[in-house]
Amino acid sequence: MNAMHPRRCTRTIARSIAWALLAGAPVAASIAAQGEGSNEVARGEYLVRIGDCEYCHTEPNGKPFAGGRAIATPFGVIYTANITPDPTTGIGQWTVQDFYTALHTGIRRGGGHLYPAFPYPWFTKVSRDDVEAIKAYLDTVAPVQQSNKPNKLPWPMSWRGSLFGWNLLFFDEGDYKDDATQSAQWNRGAYLVQGLAHCGACHTPVNWLGGTKHSNAFQGGVAGLHWAAPGLGSNIRDGVGGWSVAEIVEYLKTGANAKSASAGPMTDVVMNSTQYLSDTDLNAIALYLKNRPHGAHKTPPKTQDLGSAALARGQALFTDNCTACHNPDGRGVPKVFPPLTGSAAIQADNPGTVIHVVLAGSKMAAPASLPTGLSMPGFGWKLDDREIADVVNYARHAWGNRAPLVDADTVAAVRKDIEPSDRPSRDGTLTAHPDAPVNRGNP
Amino acid sequence: MANPPKPVDVVLVGFGWTGSILAEQLTQTGLQVLALERGKFRDTVPDFATTQIQDELRYAVRDGLFQDTARDTLTFRNSMDQTALPMRHLGSFLPGVGVGGAGIHWNGQLWRFLPEDFVIRSHTEQRYGRSFIPADMTIQDWGISYAELEPHYDTFDYLCGISGTAGNIEGQIQPGGNPFEGPRQRGYPLPPLKRSYPTVLFDKAAKEIGFKPFPCPAANTSAAYKNPLGVQMGPCTYCGYCEWFGCGNYSKASPQTTILPVLLKRKNFSLRTHCDVTRINLDSTGKRATGVTYVDAQGRQVEQPASLVICCAWAQHNALLLLHSKIGQPYDPKTNTGVVGRNYAYQITSAVDVFFDEIMNPFMGAGALGQAIDEFNGDNFDHAPFGFIGGGYIALWTTGGRPILQHQLPADAPKWGAGWKKAMADNYLKSASIATHGSVMSYRDSYLDLDPTYRDIYGDPLLRLTFDFHPNEIKMSSFLTDKAALIAQAMKPRSFHAIPRVGHYSIVPYQTTHNTGGCAMGANPKTSVVNKYLQSWDVSNVFVMGTSVFPQNAGYNPTGTVAALAYWSADAIKNRYLKSPGPLVQA
Chain A
6 MNAMHPRRCT
16 RTIARSIAWA
26 LLAGAPVAAS
36 IAAQGEGSNE
46 VARGEYLVRI
56 GDCEYCHTEP
66 NGKPFAGGRA
76 IATPFGVIYT
86 ANITPDPTTG
96 IGQWTVQDFY
106 TALHTGIRRG
116 GGHLYPAFPY
126 PWFTKVSRDD
136 VEAIKAYLDT
146 VAPVQQSNKP
156 NKLPWPMSWR
166 GSLFGWNLLF
176 FDEGDYKDDA
186 TQSAQWNRGA
196 YLVQGLAHCG
206 ACHTPVNWLG
216 GTKHSNAFQG
226 GVAGLHWAAP
236 GLGSNIRDGV
246 GGWSVAEIVE
256 YLKTGANAKS
266 ASAGPMTDVV
276 MNSTQYLSDT
286 DLNAIALYLK
296 NRPHGAHKTP
306 PKTQDLGSAA
316 LARGQALFTD
326 NCTACHNPDG
336 RGVPKVFPPL
346 TGSAAIQADN
356 PGTVIHVVLA
366 GSKMAAPASL
376 PTGLSMPGFG
386 WKLDDREIAD
396 VVNYARHAWG
406 NRAPLVDADT
416 VAAVRKDIEP
426 SDRPSRDGTL
436 TAHPDAPVNR
446 GNP
Chain B
69 MANPPKPVDV
79 VLVGFGWTGS
89 ILAEQLTQTG
99 LQVLALERGK
109 FRDTVPDFAT
119 TQIQDELRYA
129 VRDGLFQDTA
139 RDTLTFRNSM
149 DQTALPMRHL
159 GSFLPGVGVG
169 GAGIHWNGQL
179 WRFLPEDFVI
189 RSHTEQRYGR
199 SFIPADMTIQ
209 DWGISYAELE
219 PHYDTFDYLC
229 GISGTAGNIE
239 GQIQPGGNPF
249 EGPRQRGYPL
259 PPLKRSYPTV
269 LFDKAAKEIG
279 FKPFPCPAAN
289 TSAAYKNPLG
299 VQMGPCTYCG
309 YCEWFGCGNY
319 SKASPQTTIL
329 PVLLKRKNFS
339 LRTHCDVTRI
349 NLDSTGKRAT
359 GVTYVDAQGR
369 QVEQPASLVI
379 CCAWAQHNAL
389 LLLHSKIGQP
399 YDPKTNTGVV
409 GRNYAYQITS
419 AVDVFFDEIM
429 NPFMGAGALG
439 QAIDEFNGDN
449 FDHAPFGFIG
459 GGYIALWTTG
469 GRPILQHQLP
479 ADAPKWGAGW
489 KKAMADNYLK
499 SASIATHGSV
509 MSYRDSYLDL
519 DPTYRDIYGD
529 PLLRLTFDFH
539 PNEIKMSSFL
549 TDKAALIAQA
559 MKPRSFHAIP
569 RVGHYSIVPY
579 QTTHNTGGCA
589 MGANPKTSVV
599 NKYLQSWDVS
609 NVFVMGTSVF
619 PQNAGYNPTG
629 TVAALAYWSA
639 DAIKNRYLKS
649 PGPLVQA
């Protein structure tokens, strides 16, 4: 860790305040950020945790920040870039201004457009000062020589110039602006949620071109193939309206609270990002989410009749397969086996997560503060599409739950996309049939 | 030989309960700890997932989780005048393999030994006279007291979330618990499991006779529980698939459900699976271990340097490793010299099957769901009139109603055909079984050594087991069986019959996996392999864990005492050995 020379430290503080005053950037955000430590590299490391940069910019079992992870989008696969300081294959030649331009405007060094799979529409809100700290930290990361993989996008998306139009339609460039009617803590939460933490990248709906529907901010979105991201608004059924500030903080810190447990991508977010946030910042985020101005309310789903035959089939399957952990009343065991009753994840309009988890299982986050990493097994090999539809419909309609119905075809479509493995896996993805060849060579 | 890997501070041979306990304890100090496990990595999901674990055929009948005798076995004979033959099929005992070891497939029956158990020889001589002990019975004091172990029993109770009712807290007898147990510092962390109907009937009947029944202490959690390491367990669902199965609900204590989530995150801990340790290597003086040799998954022989070697393998496998490594003098029963392999013991069990007209709901069960009486264990009663040493508990366990193996039939039921099928249908829901669980003493002719003929896949001699039940044990077991029959009768059943243990010990039918001895602990190097801290007398940087160190076996399941000794030894290593490596006890 580089020790800051006192004069440089003072210059940085002075400069950031000057920037703040000149650019009208939120003083609250900058000074609150300064409070994390006078060492810019350490501050940058903390900000990189908030931004969850390492997860996307590191491929599975790859070198940190060297890129290469495949990001599945509805348009094709985009591979993340090498952001180590390697001068030829990484961003070692980028100046701080280059780096700021990329985050703030979506334009990379050399002038080309970045794809919004890199969430610059959110990072645009990050203050100059914070961006500089992030760059200072990235400069200390071990350089890795690894060329960026070519994306797999069809034309015209493969032509980066196409993003010029996309940005015109869907990208609002600009810094975060304080809401003077709200507290410094609220603004800090807003600054993080709308900016670096880029929660809306998953939790806000997007249109068919992948543009964020800001009018439906935080009313639920998609976090990857067949991972529904629940709403974060005040809605009780599909939001955090029923969660206290403390419960939100607990969830982000540990991956679980009495009402829910993380699954899929959110487990990764907890493990790589939110478990490292300070209590101050977590509380700010929670406060903001609980006190956002109400946007347009989502229309609740049409009441659909499950039918008594389907209900009976679903209940029988649920009794046999699910009650050992989730209990016949769907309440589970608080902080151990998550409740299904009243769960936003279970009742999401998009049934992707529920079907995905039933097919392939799920593992809770396992931070040091909640280390167990309890897992749910996959049922994909054991239940067919019709059975999974029945049991999912039951869970989404029992105990006062309400959600659109699914059918066997929906399940089949998800199953097709989640490639089954014929080896018992270690991470809770599809469990092989017990008579499948056993992986004796697993070290 | 492959390039030797980097030296570590501690190498653990085997990664079951004792390996996990030692690893967790010693990584606290910042030491580099490496565990070598011959089997594969296993975890609750997917290996014991509720989607597939309740498969009696795969796991209980076809030995899904146990040692594969084609890869590793021993030879067996009852007595020295016989030729030992390889055990080609598991039966009497079921060693585990893979991370978690037998800690995955045990029932979870969790006991402490009695204070007198640890001083059995001196206590028996004092109370009954020296001649009360048969000449060929080689029982000996452990060299450690219950009081020294008590804090470590407590540690394990709270690690596992044991469900029970204490009987003796700091000398005060507690109602509803075991009035004979040694004093404990505090109660159990969880209340007892919910009762099953047969245990309610047993409780009532035992009380009518004048006994003091109590709920058996269970390593099946009666509620969701977070242990002192921060590891979370779920509540037991009474699914009836405990013994011989892994738990998919995180509610049976095992290394996976109590220790590994925390241990595996520690940067100074590493684990290599599919590694068969074949030798502890010694320096030229033969008094210091330099590490171990193992064969890895690719069949390569690897030398792993280490400053401290801890044997955490299954029971008799520790003795086998010492014999192959030429650590300690091998026991010779003919000359009664040597120590390694000496004092092998086991458990002697019997049953009384009981048949009712009411429905018993046998399929609702848990591995340690039972009601017991302890009047006839240890020296809890006057042995003078009976002429035997030892005893055991009598318990009605309801561990499940699995269709293939868990059923009782009246003695007069047909043994096959349509009549048998009818008897099965008539009795499945309406029967229970009372078990006796008796001690086995050590004898001069019960021992382990190297087989002269049969070799393993590496060319090393197989372990040879010479063991039989002696008149003392048969007599004692018969005594317990009679007492169990009294209780059965008081339950006012439709019928009951006793199934006593008679004749020679047979390695064929399953009895218990409570093999003990071979590396006895003690105060005297002439009759023990390890000292009271489980440190080898011969090689001071080798420690031995597990039931291997029991000088004889008591009338209780051994896991609690195994774990307490592991914590006791870890404490000595952390606070005494590491500060001043060398013998902790002067011979």
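Chain order of the listed sequences is A and B. Heads up: the first sequence begins at 6 in the numbering used here, then just goes up one per residue. Heads up: the second sequence begins at 69 in the numbering used here, then just goes up one per residue. C-beta atoms are modelled at their ideal positions from N, C-alpha and C, and glycine is treated no differently. All values reported here derive from a predicted model rather than from experimental measurement.
Item                                                                                                                           : Value
Contacts that SER278 of chain A makes with chain B (C-beta to C-beta distance below 7 Å)                                       : Correct list: empty, because the minimum Cβ distance to chain B is about 18 Å.
Spatial distance of LEU143 of chain A from VAL78 of chain B (CA atoms)                                                         : 37 Å
LEU339 of chain B - DSSP class collapsed to helix/strand/coil                                                                  : strand
Chain-ordered chain B contacts of LYS387 of chain A [CB-CB under 8 Å]                                                          : THR119 and GLN120
Cβ-based neighbour list, ASN355 of chain A, same chain, cut-off 6 Å, excluding 5 preceding and 5 following                     : ALA233
DSSP bridge partner residues for VAL612 of chain B (one or two, in chain order)                                                : B:CYS379
Ranges of the beta strand (DSSP E) found wholly within the stretch 418-503 of chain B, counting only runs of at least 3        : 438-441 and 460-465
Contact the stretch 641-651 of chain B vs the stretch 605-620 of chain B: 3+ CB pairs below 8 Å                                : yes
Proximal residues of chain A, C-beta to C-beta of TYR318 of chain B below 7 Å                                                  : LEU379
For GLY366 of chain A and ALA289 of chain A, believed in contact at Cβ under 8 Å, the rounded distance                         : Rounded, the Cβ-Cβ distance is 34 Å, inconsistent with contact.
Three-state class that DSSP yields for THR151 of chain B in the structure shown                                                : coil
Check whether GLY84 of chain B and CYS380 of chain B have beta carbons under 8 Å apart                                         : yes
Span separating the alpha-carbon of THR358 of chain B from that of VAL76 of chain B                                            : 10 Å
CB contact check: PHE1 of chain A to chain B, cutoff 8 Å                                                                       : Here chain A has residues from 6 to 448 only, and residue 1 of chain A is not among them.
TYR161 of chain B, DSSP secondary structure in three states                                                                    : One detail in the question is off: residue 161 of chain B reads as Phe in this sequence, not Tyr. In this structure, PHE161 of chain B counts as coil in the three-state DSSP scheme.
Near-chain B residues of the stretch 95-114 of chain A (beta-carbon distance less than 7 Å), N- to C-terminal order            : none
Cβ contact (3+ pairs, closer than 8 Å) linking the stretch 391-409 of chain B and the stretch 579-593 of chain B               : yes
Contacts that ALA292 of chain B makes with chain A (C-beta to C-beta distance below 7 Å)                                       : VAL338 and VAL341
Neighbour-count burial assignment, GLY650 of chain B, 16 or more Cβ in a 10 Å radius                                           : exposed
Nonlocal neighbours in the same chain, by C-beta distance under 7 Å from TYR511 of chain B, ignoring five residues either side : ASP204, MET205, THR206 and HIS538
Beta-carbon separation (whole angstroms), LEU292 of chain A vs LEU257 of chain A, contact threshold 8 Å                        : 12 Å between Cβ atoms; not a contact.
Residue of B:PRO251, B:LEU652, B:ARG470 and B:PRO478 minimising C-alpha distance to PRO430 of chain B                          : B:ARG470
Contacting residues, own chain, Cβ-Cβ under 6 Å from ASP351 of chain B (five flanking each side not counted)                   : THR358
For TYR624 of chain B, the nearest candidate out of B:PHE424, B:THR521 and B:ALA413 (CA to CA)                                 : B:ALA413
CB contact check: GLY366 of chain A to chain B, cutoff 8 Å                                                                     : yes
Contact belief for PRO382 of chain A with PRO114 of chain B at Cβ below 8 Å, rounded distance in angstroms                     : 6 Å
Buried versus exposed call for GLN93 of chain B [16 or more other C-beta atoms within 10 Å across all chains shown]            : buried
Rounded straight-line distance, which links the Cα of TYR293 of chain B to that of MET432 of chain B                           : 21 Å
Span separating the alpha-carbon of ALA361 of chain A from that of CYS310 of chain B                                           : The amino acid occupying residue 361 of chain A in the given sequence is His; Ala does not appear at that position. So the alpha carbons of these two residues sit roughly 30 Å apart.
C-beta neighbour in chain B for ARG445 of chain A, strict 8 Å                                                                  : Bear in mind that a pLDDT of 32 at ARG445 of chain A, under 50, signals an unreliable position, so the number given afterwards is only what the model happens to contain. Yes, contact with chain B.
Where the beta strand (DSSP E) containing TYR84 of chain A begins and where it ends                                            : 81-84
The stretch 346-354 of chain A touching the stretch 243-256 of chain A, judged by at least three CB pairs closer than 8 Å      : yes
Below-8 Å beta-carbon distance, LYS333 of chain B vs any chain A residue                                                       : yes
Beta-bridge partners of PHE134 of chain B, as assigned by DSSP                                                                 : B:GLY164
Proximity test, Cβ basis, 8 Å: ALA329 of chain A and chain B                                                                   : yes
Spatial distance of ASP57 of chain A from ARG297 of chain A (CA atoms)                                                         : 23 Å
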